[in-house]
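Chemist: Please see the structure below; I have some questions.
Number of protein chains: 2
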Amino acid sequence: MAEHWANFDLHLDVNLEGARLGRSLEDALRAAIRDGRLPPGTRLPASRALAADLGIARNTVADAFGQLVAEGWLSARTGAGTWVTGSPGAPDAPDAAVRAAESGGGTGSAPHTAPGPRRGLGYNLRPGVPDLSAFPRREWLAATRRALASSPDHLLAYPDPRGVPPLRQALAGYLARTRGVSTDPERIVVCSGFVHGLALLAQVLGARGARAVAVESHGLPEHRAVLSRVGLRLAPMRADAQGAVPGGAPLGEAGAALLTPAHQFPLGMTLAPARRRMFAEWAAGTGAMLIEDDYDGEFRYDRHPVGAMQALAPDHVVYGGTASKALAPGLRLGWLAVPGRLLEEVVTAAVLTGGGPDAVNQLALAELITSGGYDRQIRHARLAYRGRRDRLVAALSQAAPLARVTGIAAGLHAVVELPPGRRETDAIASAERHGVAVLGLGEFDAGAGAGQRPPALVVGYATPPPHAYTTAIARLAAALAEE
Amino acid sequence: MAEHWANFDLHLDVNLEGARLGRSLEDALRAAIRDGRLPPGTRLPASRALAADLGIARNTVADAFGQLVAEGWLSARTGAGTWVTGSPGAPDAPDAAVRAAESGGGTGSAPHTAPGPRRGLGYNLRPGVPDLSAFPRREWLAATRRALASSPDHLLAYPDPRGVPPLRQALAGYLARTRGVSTDPERIVVCSGFVHGLALLAQVLGARGARAVAVESHGLPEHRAVLSRVGLRLAPMRADAQGAVPGGAPLGEAGAALLTPAHQFPLGMTLAPARRRMFAEWAAGTGAMLIEDDYDGEFRYDRHPVGAMQALAPDHVVYGGTASKALAPGLRLGWLAVPGRLLEEVVTAAVLTGGGPDAVNQLALAELITSGGYDRQIRHARLAYRGRRDRLVAALSQAAPLARVTGIAAGLHAVVELPPGRRETDAIASAERHGVAVLGLGEFDAGAGAGQRPPALVVGYATPPPHAYTTAIARLAAALAEE
């Protein structure tokens with residue numbers, strides 16, 4: 009570690025003669041961050057090393073770091089050092105620009121994603137990405153170490169296309185225990201996130217001759233694009249307070265239906281028990297495939313989560329979930345629980361498109377699940393996101409009482425209905441003027457007239473790091489309070 | 009310890025409305041154990057934590073636990089908590105089931121693979137998998153640690169669909185330096201191995217209206233299956249000592265050609281310079297796509313390896329490579345260097361099939377490349393495999409002098425032409441009797457009459473761990489020496 013720091017080289021204009029050394033160091037660091045000499049993401053030397061370099065007391069350095077962390081210029085994580093986060097509140101905060109560039113230009117190209125905010129928007133309240141500063145780096149490294157230390161060599165060969173057996177074993181138990189999924193390790197297919205799983209299912213549907221897929225009135229455009237790409241037509245279903253409405257034209261012609269039963273994305277209602285039964289009966293009667301996207305099933309705040317729809321009809325529902333919300337999307341770890349009758353086709357699609365996740369991360373996730381660390385991480389995240397949701401509701405009810413948060417208390421996003429008379433485009437533009445990136449509900453509309461809804465924003469409250477969250481929602485509330 | 013239990017997460021269908029809460033909880037736990045959602049060995053949350061979760065009295069939970077312990081479903085140990093023991097009297101010991109699941113799973117469906125030898129065949133000389141005991145576990149863990157310690161949070165979001173910038177940067181430099189590839193980080197697309205990359209290219213070809221792909225007379229059946237699956241017809245090309253023969257019917261109708269220029273797989277010759285130019289001119293003249301599978305380009309033993317064909321025509325060749333041979337196939341890390349004119353289509357295919365590799369491993373590979381560890385690993389592997397090839401040639405020339413090793417001194421496999429009069433099926437059967445798994449050259453024949461060759465075995469000499477290699481080749485030689 010110390011060696012690493014020895015390589016850190018930075019010219020700081022610290023006035024070592026002055027009486028107020030600490031203040032001078034703070035100013036020098038702020039200046040270096042502001043003018044880009046210390047770009048966001050830079051790790052600072054340990055306070056001990058920097059103090060030795062500058063010939064000043066370690067406490068002076070530590071106090072300066074602490075002050076800048078409090079101000080939002082730096083962030084610190086125990087065991088991982090101190091980092092540059094960017095100029096707090098600056099409309100051109102460089103970290104926002106970096107995020108925008110890194111996220112593929114904000115084209116919405118990544119699935120379940122919060123595209124990087126436009127250049128200059130420092131606060132990202134688009135839905136889809138969890139708080140990445142909460143990713144348990146140390147625990148993940150420890151799980152990787154245990155996986156590498158304990159796995160036989162053959163697990164490093166081309167993995168079983170369904171995933172390595174220890175992870176399928178762990179997932180089958182985990183999904184049964186936490187989501188009520190009725191499956192076994194032989195019918196788990198580990199995939200690289202939900203879009204990968206959905207792309208495999210789309211291939212299977214195409215090969216089976218399906219022509220259309222029923223989709224919810226609102227959902228991720230990327231998911232619809234995955235289905236369209238293989239030639240499947242989209243048949244949007246209406247939704248009401250009970251969730252998607254089965255029956256009618258959309259189901260009549262569909263070979264499958266894509267649903268988010270636990271927490272409709274993005275509208276936020278739960279698919280009612282009677283509706284679940286109707287979908288299951290439709291699938292059983294027609295041989296259609298129900299695809300259950302359980303994207304945030306572990307994150308329910310008001311009561312115990314509703315179990316997976318899959319348990320109602322394990323022969324007709326493909327259940328899909330990921331570690332993207334509980335850990336990080338960058339891990340690209342997801343899973344399907346596949347009905348036995350479809351398993352061979354799904355595995356063939358996986359083999360001939362070659363996109364499955366690597367064995368080492370699979371083994372690490374298995375370690376994390378069986379050790380209890382994954383549950384622990386979810387528990388922490390649930391508490392944190394629940395608190396964020398409460399704070400969002402409180403901030404809006406105080407500053408913009410005419411805006412209304414709808415949907416159940418769950419997940420990582422909320423739908424905020426706009427004050428009467430406001431249009432989504434105006435509210436988004438107003439938020440942008442306040443430095444906040446959000447999306448309108450219209451972005452998720454599947455079209456075909458199924459999605460008539462009052463104007464609303466879809467607010468992802470998980471993405472900003474903790475130190476930025478209060479400001480982010482205050483600015484959003486201010487934007488919504490405007491005439 | 010207590011904290012750990014508080015984080016246990018379980019979906020239980022407990023009827024919280026009823027008067028007999030304890031009985032309902034008991035029933036729910038029994039059902040969960042019976043149908044496997046709570047597998048034997050699962051540790052239950054502390055009664056205090058579960059009671060808090062469910063919003064019921066702790067005594068109710070404690071009584072239910074006590075009842076189930078008495079019935080044999082659970083066991084409790086002071087200070088160690090409460091465990092699931094299984095359905096009372098169930099015959100199947102859980103650890104045996106776990107072991108069976110772990111050892112299962114043929115790998116025959118994976119690409120570039122050495123399918124697991126038949127039960128009872130102790131020595132695997134099928135081509136495709138490196139010596140997994142040489143995987144540098146410690147170095148990989150160290151690279152993962154450095155990656156996790158030094159990467160800003162935003163790299164853990166949905167990755168750029170081309171791969172994380174540090175890895176694209178490292179690969180562009182590495183490929184230029186070691187293989188003469190002419191590219192830059194913007195045109196690198198990181199993928200999950202060559203089959204994943206090929207599947208992306210097959211999609212692009214299909215979308216461009218290509219109808220056929222020229223393939224070499226011999227190659228991996230999995231690669232041909234990837235192309236066929238999207239509706240592309242295969243047009244096999246003849247090969248001679250100079251490699252694949254351009255021109256004629258196969259190229260006349262093809263929108264692409266798939267080639268292994270450095271070391272034809274599996275025949276073993278290098279594509280001659282004049283042939284490379286002819287293919288490049290064909291592609292430039294017709295707008296066709298050349299796909300260069302550089303599967304073992306770093307492994308040449310007799311002289312400096314021939315550079316990548318890609319440098320001849322960077323606007324027409326998609327270069328593909330992987331870390332599967334240098335590190336391990338299980339990492340699922342590969343890369344394409346894509347002509348600029350095709351980049352957007354390849355990236356769109358990657359986004360809408362969702363199968364890219366995870367960010368942490370990408371960052372670890374970037375670390376390994378920039379630190380020099382990847383080069384070092386390749387040097388070690390090259391020395392080891394060169395020695396294995398020499399020993400194979402020596403063993404065969406001594407014990408089975410009528411068998412002939414053909415192809416250049418390179419790679420991880422050799423083609424062994426059989427003694428006159430012997431058929432491939434007989435040689436394979438004889439090897440099996442000696443406990444050795446090999447494949448015949450016929451397994452790789454693309455058909456259509458392009459592949460007339462003397463009977464031969466394709467011997468992968470990289471797979472057996474060092475301690476087994478001497479015996480493996482002695483047994484193969486003995487099998488080939490039989491009449």
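These protein sequence lines map, in sequence, to chains A and B. Quick note: the working numbering has the first sequence finishing at residue 491, numbered continuously throughout. Quick note: the working numbering has the second sequence finishing at residue 491, numbered continuously throughout. Backbone N, C-alpha and C fix where the C-beta goes; we use that ideal spot for every residue, glycine too.
(1) Between the segment 61-82 of chain A and chain B, which residues of the former have CB atoms less than 8 Å from a CB of the latter, in chain order?
(2) Is there a Cβ from chain B that is less than 8 Å from the Cβ of residue 347/A?
(3) Using DSSP with H/G/I as helix, E/B as strand and the rest coil, what is residue 469/A?
(4) Mind listing which residues of the segment 226-253 of chain A have their C-beta closer than 8 Å to chain B's C-betas, in chain order?
(5) Note down, in chain order, each residue of its chain lying with its Cβ closer than 7 Å to the Cβ of residue 204/B, except the 5 sequence neighbours on either side.
(6) Just to confirm, are residue 148/B and residue 488/A a CB contact at a threshold of 8 Å?
(7) Quick check: what's the CA-CA separation for residue 468/A versus residue 245/B?
(8) Can you grab the Cα-Cα spacing for the pair residue 201/A / residue 323/A, in whole Å?
(9) In angstroms with no decimal places, state the Cα-to-Cα distance between residue 104/B and residue 48/B.
(10) I believe residue 336/B touches residue 327/B by the beta-carbon criterion, under 8 Å. Please report the beta-carbon distance rounded to the nearest angstrom.
(11) Which of the residues in the segment 362-378 of chain B, read from start to end, lie with their CB under 8 Å from any CB of chain A?
(12) Residue 159/B: buried (16+ other C-beta within 10 angstroms of its C-beta) or exposed?
(13) Under three-state DSSP, which class holds residue 101/A?
(14) Which residue's Cα is closest to the Cα of residue 150/A: 425/A, 464/A, 375/A, 438/A?
(15) Can you find a CB in chain A that lies within less than 8 Å of the CB of residue 411/B?
(16) Exposed or buried, residue 217/A, counting other C-beta atoms within 10 Å across all chains shown (16 or more means buried)?
(17) Under three-state DSSP, which class holds residue 70/A?
(18) Can you give me the start and stop residues for the alpha helix (DSSP H) that residue 205/A sits inside?
(19) For residue 451/B, collect the residues of the same chain with a Cβ closer than 8 Å to its Cβ; drop the 5 residues on either side in sequence, then sort them by chain order.
(20) When the distance is taken between beta carbons, is residue 238/A closer than 8 Å to residue 211/A?
(21) Taking 8 Å as the cut-off, does the segment 411-429 of chain A touch the segment 304-312 of chain A (at least 3 CB pairs, one atom from each stretch)?
(22) Please name the residue, chosen from 281/A, 290/A, 250/A, 31/A, that lies closest to residue 257/A on a Cα-to-Cα basis.
(23) What are the boundary residues of the beta strand (DSSP E) that includes residue 244/B?
(24) Under 8 Å: do the segment 398-409 of chain A and the segment 165-173 of chain A share three or more Cβ pairs, one atom per stretch?
(25) Does DSSP put residue 420/B in a helix, in a strand, or in coil?
(26) Figure out for me which residue from 478/B, 472/B, 370/B, 358/B has the closest Cα to the Cα of residue 162/A.
(27) Within a Cβ cutoff of 7 Å, which residues of the same chain sit near residue 65/A, ignoring the five residues on either side of it in sequence?
(28) With 8 Å as the threshold, decide whether the Cβ of residue 137/A is near any Cβ in chain B.
(29) Exposed or buried, which one is residue 90/A when buried takes at least 16 other CB atoms within 10 Å?
(30) One question on the structure: do residue 321/A and residue 299/A come within less than 8 Å of each other, judged by their Cβ atoms?
(31) Looking at the unbroken alpha helix (DSSP H) that takes in residue 230/A, where does it start and where does it end?
(32) When we look at the beta-carbon of residue 185/B and count the other beta-carbons within 10 Å, is it buried (16 or more) or exposed?
(33) Give a yes or no on whether 8 Å exceeds the smallest Cβ distance from residue 219/A to chain B.
(34) Quick one: using the 10 Å Cβ neighbour count with 16 as the cut-off for buried, is residue 480/A buried or exposed?
(35) Between residue 34/B and residue 54/B, what straight-line distance do the alpha-carbon atoms span, to the nearest angstrom?
(36) Using a Cβ-Cβ cut-off of less than 9 Å, list which residues of the segment 147-163 of chain B approach chain A; keep chain order.
Modeler: Working from what's here:
(1) none
(2) Residue 347/A has a beta carbon lying at 8 Å or more from every beta carbon in chain B.
(3) coil
(4) 230, 233, 234, 237
(5) 342, 363
(6) no
(7) Rounded to the nearest whole angstrom, the C-alpha separation of residue 468/A and residue 245/B is 54 Å.
(8) 22 Å
(9) Any reading at residue 104/B must be qualified, since the residue scores a pLDDT of 29, below 50, and its modelled position is unreliable; no value is offered.
(10) With 8 Å as the limit, residue 336/B and residue 327/B do not qualify as a contact, their Cβ atoms being about 21 Å apart.
(11) Correct list: 362, 363, 364, 365, 366, 367, 368, 369.
(12) buried
(13) Here the model assigns residue 101/A a pLDDT of 31, short of 50, so the residue's position is not dependable and the matter cannot be decided.
(14) 375/A
(15) no
(16) exposed
(17) DSSP, read as helix, strand or coil, puts residue 70/A in helix.
(18) 202-215
(19) 229, 466
(20) Annotated as proximal: residue 211/A and residue 238/A, with beta-carbon spacing under 8 Å.
(21) Inter-segment contact for the segment 304-312 of chain A and the segment 411-429 of chain A is present: three or more beta-carbon pairs are separated by less than 8 Å.
(22) 290/A
(23) 241-245
(24) no
(25) Under the three-state reduction of DSSP, residue 420/B is assigned to coil, being neither helix nor strand.
(26) 472/B
(27) 59
(28) yes
(29) buried
(30) no
(31) 229-237
(32) exposed
(33) no
(34) buried
(35) As the crow flies, the alpha-carbon of residue 34/B is around 15 Å from that of residue 54/B.
(36) 148, 149, 152, 153, 154, 156, 157, 158, 159, 160, 161, 162, 163
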